[in-house]
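Remarks on the structure that follows.
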Amino acid sequence: MEKVLGIGGFFFRAKEPDALARWYAGHLGVALPPESYDHRSWEQQQGATVFAPFAATSDYFGRVDQQWMINFRVRDLQAMVAQLTA
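Here the sequence shown stands for residues 645 to 730, numbered as in our numbering.
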């Protein structure tokens with residue numbers, strides 16, 4: 645049986661997508677989307693990824709109208725929090 649090998653992209657809408665992409669690059673180290681297939685995309689380190697649909701009424705990750713959540717793996721959570729709150 646063929647199976648998915650990983651996540652090839654995470655796509656979502658934003659009011660200011662260019663500014664948000666720059667924020668992710670500057671604060672989290674997620675490279676900006678490549679301008680063409682000739683440029684490399686951001687590559688994540690190998691590790692587990694949980695794929696878990698939730699009930700439409702779940703409040704596990706916020707208000708019911710929030711339709712998605714993404715968790716990032718980091719080497720040192722406390723260091724990342726300090727960096728983001730500085």
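All C-beta atoms in this analysis are idealised placements derived from N, C-alpha and C, irrespective of residue type, glycine included.
Of the residues the options, which one's Cα is nearest the Cα of residue i?
i, options, result
"S702", "G650, F654, H671, M713", "M713"
"R657", "Q690, A665, L728", "A665"
"S758", "A692, T693, A669, A700", "Absent from the model: residue 758. The displayed extent of the chain is 645 to 730, so no value can be given."
"A730", "H671, A700, P661", "H671"
"F654", "M724, V674, D682, D709", "V674"
"Q689", "I651, K647, L676", "I651"
Assuming residue i and residue j are in contact, meaning their beta carbons sit under 8 Å apart, how far apart are those beta carbons, in whole angstroms?
i, j, result
"Y704", "F695", "Their Cβ separation, rounded to whole angstroms, is 15 Å, which puts Y704 and F695 out of contact at 8 Å."
"G691", "R707", "Between R707 and G691 the Cβ distance is about 29 Å, and since that is not below 8 Å, they are no contact."
Does DSSP classify residue i as helix, strand or coil?
i, result
"P661", "helix"
"M645", "coil"
"L634", "Residue 634 lies beyond the residue range present for the chain, which begins at 645 and ends at 730; the question has no answer from this structure."
"G670", "helix"
"A675", "coil"
Any heavy atom of the ligand MG closer than 6 Å to the beta-carbon of residue i?
i, result
"V648", "Ligands in the displayed structure: none, and consequently the ligand MG is not present."
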